[in-house]
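A.B. asks:
2 protein chains.
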Amino acid sequence: MFEKETQEQKDERYMRMAIQEAEAAFEEGEIPIGAIVVCRDRIISRAHNQTETLNDVTAHAEMLAITAAANTMGGKYLPDCTLYVTVEPCVMCAGAIGWSQIGRIVYGVGEEKRGYKRYAPDALHPKTTVTSGVLQEECKALMISFFKNKR
Amino acid sequence: MFEKETQEQKDERYMRMAIQEAEAAFEEGEIPIGAIVVCRDRIISRAHNQTETLNDVTAHAEMLAITAAANTMGGKYLPDCTLYVTVEPCVMCAGAIGWSQIGRIVYGVGEEKRGYKRYAPDALHPKTTVTSGVLQEECKALMISFFKNKR
Chain A
154 MFEKETQEQK DERYMRMAIQ EAEAAFEEGE IPIGAIVVCR DRIISRAHNQ TETLNDVTAH
214 AEMLAITAAA NTMGGKYLPD CTLYVTVEPC VMCAGAIGWS QIGRIVYGVG EEKRGYKRYA
274 PDALHPKTTV TSGVLQEECK ALMISFFKNK R
Chain B
154 MFEKETQEQK DERYMRMAIQ EAEAAFEEGE IPIGAIVVCR DRIISRAHNQ TETLNDVTAH
214 AEMLAITAAA NTMGGKYLPD CTLYVTVEPC VMCAGAIGWS QIGRIVYGVG EEKRGYKRYA
274 PDALHPKTTV TSGVLQEECK ALMISFFKNK R
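Chains as they are written, first to last, in our numbering: chain A, 154 to 304; chain B, 154 to 304.
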């Protein structure tokens with residue numbers, strides 16, 4: 154017999170995939186942040202930060218994942234989707250998440266310096282729910298390791 | 154003899170080009186917002202809102218103009234550039250403008266409902282200067298005309 158996966162287990166499973174994306178960013182010399190978008194238990198996009206590779210400050214993981222998700226869905230609003238991202242989104246990404254009307258976001262580690270909660274706490278759509286702290290130690294360890302290497 | 158163009162005249166001249174972009178958006182059935190980026194009196198990018206055409210909530214005029222400007226400049230930071238945009242940027246665009254470290258933004262009409270000043274007043278880079286109200290009546294008239302047609 155199989156036990157039904159809990160929401161918490163599911164969130165961790167998807168966050169692990171976002172972490173895989175963050176690891177890919179790390180290997181490319183990018184700040185290691187990864188994101189995936191899930192719709193009804195199906196992964197519809199995955200992306201990682203590519204600001205250096207694309208020479209573009211807008212190429213954050215969340216932005217690329219939202220653009221790709223809308224492409225897959227064929228519509229630009231994503232109310233039935235969940236965005237998993239390893240680090241708390243910045244103001245820009247929170248604004249994009251707001252426009253997308255995404256149903257839920259789940260992030261790993263908070264970002265006190267650049268996170269949206271400090272600078273734009275009301276940027277998300279009022280119907281969007283937020284879960285934080287999922288696998289936060291792993292998400293944080295990647296960031297710390299990256300910046301340690303840069304110094 | 155030619156009189157030297159004042160900064161005010163220059164701002165109006167560039168804002169007229171941003172309005173031309175907004176008009177192009179209008180004709181495509183897009184919310185009529187246009188943007189251009191200028192670096193040392195040279196136009197390095199121009200763009201208009203394409204969220205419908207590209208089926209992408211992130212395809213605002215400012216985002217496209219910043220991405221294109223970085224591409225032209227060959228570097229992702231734009232401290233010597235000015236962004237002209239017909240309407241006050243939203244939270245997402247203000248976040249992107251912040252990341253780009255653009256030197257100056259000039260916008261036409263304020264946007265009380267969605268503008269960054271209400272939701273993320275500290276999103277811009279601290280060195281970025283802001284001028285507002287340039288040709289605001291023309292910028293506003295386009296928006297009003299667009300939404301009147303939609304009703």
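We put the beta carbon where it would ideally sit given N, CA and C, even for glycine. Here the structure is a predicted model, which is why all the values come from computation and not from measurement.
In chain B, which residues lie less than 7 Å from A273(A) when you measure between Cβ atoms?
C.D. replies: V244, Y272, A273, A276
A.B. asks: Could you tell me the distance, in whole angstroms, from the CA atom of E241(B) to the CA atom of E291(B)?
C.D. replies: 14 Å
A.B. asks: Taking the alpha helix (DSSP H) that Y269(B) belongs to, which residues open and close that run?
C.D. replies: 269 to 272
A.B. asks: Starting from N224(B), find everything on chain A with Cβ-Cβ shorter than 8 Å and list it in chain order.
C.D. replies: N208, D209
A.B. asks: Thinking just about the alpha-carbon of each residue, which of G261(B), P279(B), D164(B) is nearest to the one in P185(B)?
C.D. replies: G261(B)
A.B. asks: Against chain C, which members of the stretch 193 to 204 of chain A pass a CB distance test of less than 8 Å?
C.D. replies: No chain C appears in the structure shown, which is made up of the protein chains A and B.
A.B. asks: If we count the other Cβ atoms within 10 Å of its Cβ and call it buried at 16 or more, is G310(B) buried or exposed?
C.D. replies: The displayed coordinates of chain B run from 154 to 304. Any statement about residue 310(B) would go beyond what the structure contains.
A.B. asks: Give me, in chain order, the residues of the same chain whose beta-carbon lies closer than 6 Å to that of V283(B); leave out the 5 immediate sequence neighbours on both sides.
C.D. replies: I258
A.B. asks: Please classify K157(B) as buried or exposed, where buried requires at least 16 other C-beta atoms within 10 Å of its C-beta.
C.D. replies: exposed
A.B. asks: Whose Cβ in chain A lies nearer than 7 Å to the Cβ of K229(B)?
C.D. replies: T204, N208, D209, V210
A.B. asks: A249(B) touches chain A at which residues, Cβ-Cβ below 8 Å?
C.D. replies: V210, T211, M245
A.B. asks: Could you check the C-alpha separation between R166(A) and P274(A) for me, to the nearest Å?
C.D. replies: 27 Å
A.B. asks: Counting only the same chain and skipping the five closest in sequence on each side, list residues whose C-beta sits under 6 Å from that of D164(B).
C.D. replies: V259, V287
A.B. asks: Residues in its own chain within less than 7 Å of A171(B) by CB, not counting five upstream and five downstream?
C.D. replies: G187, A188, I189, Y237, V238, T239
A.B. asks: Given that a residue counts as buried once 16 or more other Cβ atoms are within 10 Å of its Cβ, and exposed if not, what is F179(A)?
C.D. replies: buried
A.B. asks: Would K229(A) and T204(B) qualify as a contact pair, given that the criterion is a beta-carbon distance under 8 Å?
C.D. replies: yes
A.B. asks: Is the separation between the beta-carbon of D209(B) and that of A200(A) shorter than 8 Å?
C.D. replies: no
A.B. asks: Residues of the stretch 249 to 263 of chain B with a CB closer than 8 Å to any CB of chain A: list them in chain order, please.
C.D. replies: A249, G251, W252, S253
A.B. asks: Exposed or buried, what is G182(A) when buried is set at 16 or more other beta-carbons lying within 10 Å of its beta-carbon?
C.D. replies: exposed
A.B. asks: Is it right to say I255(B) is buried, meaning 16 or more other beta carbons lie within 10 angstroms of its own, or is it exposed?
C.D. replies: buried
A.B. asks: Kindly indicate which residue of T225(A), C192(A), A175(A) has the alpha-carbon position closest to the one of A214(A).
C.D. replies: When only C-alpha atoms are compared, the closest one is A175(A).
A.B. asks: Compare the C-beta of T220(B) with all C-beta atoms of chain A and state if any pair is closer than 8 Å.
C.D. replies: yes
A.B. asks: Can you list, in chain order, the residues of its chain with a C-beta nearer than 7 Å to that of L217(B)? Leave out the 5 residues immediately preceding and following it.
C.D. replies: A200, Q203
A.B. asks: Restricting to Cα atoms, I'd like to know which of S253(B), S285(B), F299(B), Y269(B) is closest to T220(B).
C.D. replies: S253(B)
A.B. asks: Using three-state DSSP, classify V240(A) as helix, strand or coil.
C.D. replies: Of the three classes helix, strand and coil, the one that applies to V240(A) here is strand, per DSSP.
A.B. asks: Would a check of beta-carbon distances place M296(B) closer than 8 Å to chain A?
C.D. replies: no
A.B. asks: Looking at the unbroken beta strand (DSSP E) that takes in I258(B), where does it start and where does it end?
C.D. replies: 257 to 262
A.B. asks: Can you tell me which residues form a DSSP beta bridge with T282(B)?
C.D. replies: Note: T282(B) sits in a beta bridge opposite R257(B).
A.B. asks: Straight-line CA distance for I196(A) to L277(A)?
C.D. replies: 22 Å
A.B. asks: Between which residues of its own chain and Q160(A) is the CB-CB distance below 8 Å, once the five residues before and five after are set aside?
C.D. replies: Around Q160(A): no qualifying Cβ.
A.B. asks: Strictly by DSSP, which residues pair up with G187(B)?
C.D. replies: H201(B)
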